[in-house]
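Taking numbering that gives the first Met the number 0, the leading residue of the sequence shown gets 0, the next gets one more, and so forth. Note that beta-carbon positions come from the ideal geometry of N, C-alpha and C, so glycine has one too. All remarks here apply to the structure that follows.
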Amino acid sequence: MQKQFITAADVQKILGVSRSKAYQILQGMNRELKAKGYITLSGKCPTSYFKQKFYELQLDEDYDQKVS
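Here it is in structure tokens:
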């Protein structure tokens with residue numbers, strides 16, 4: 000089962016940035032989500048939103064099952 004939320008440590012590893020930059024990235028994405036009316040968690044972001052934002056992936060509901 001894939002993680003539903005990505006953390007600053009994950010962002011740091013994936014993008015090769017510092018921990019503080021990873022938090023800045025998450026804060027920016029959470030601001031965007033909050034502006035769209037979503038509830039956000041500090042220091043976390045939905046993995047699907049991160050993938051869409053950074054890699055322009057359009058994920059359908061059974062994406063994880065196809066990849067496995």
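Beta bridge counterpart(s) of residue i as assigned by DSSP
{"i": "residue 4", "result": "45"}
Residue environment, residue i, which counts as buried when at least 16 other CB atoms sit within 10 Å
{"i": "residue 53", "result": "exposed"}
{"i": "residue 5", "result": "buried"}
{"i": "residue 38", "result": "exposed"}
{"i": "residue 25", "result": "buried"}
{"i": "residue 21", "result": "buried"}
{"i": "residue 59", "result": "For residue 59, the predicted structure reports a pLDDT of 48, less than 50, and the residue's modelled location is therefore unreliable. The matter cannot be settled from this model."}
Proximity to residue i [Cα-Cα], best of the options
{"i": "residue 42", "options": "3, 2, 7", "result": "7"}
{"i": "residue 29", "options": "9, 45, 18", "result": "45"}
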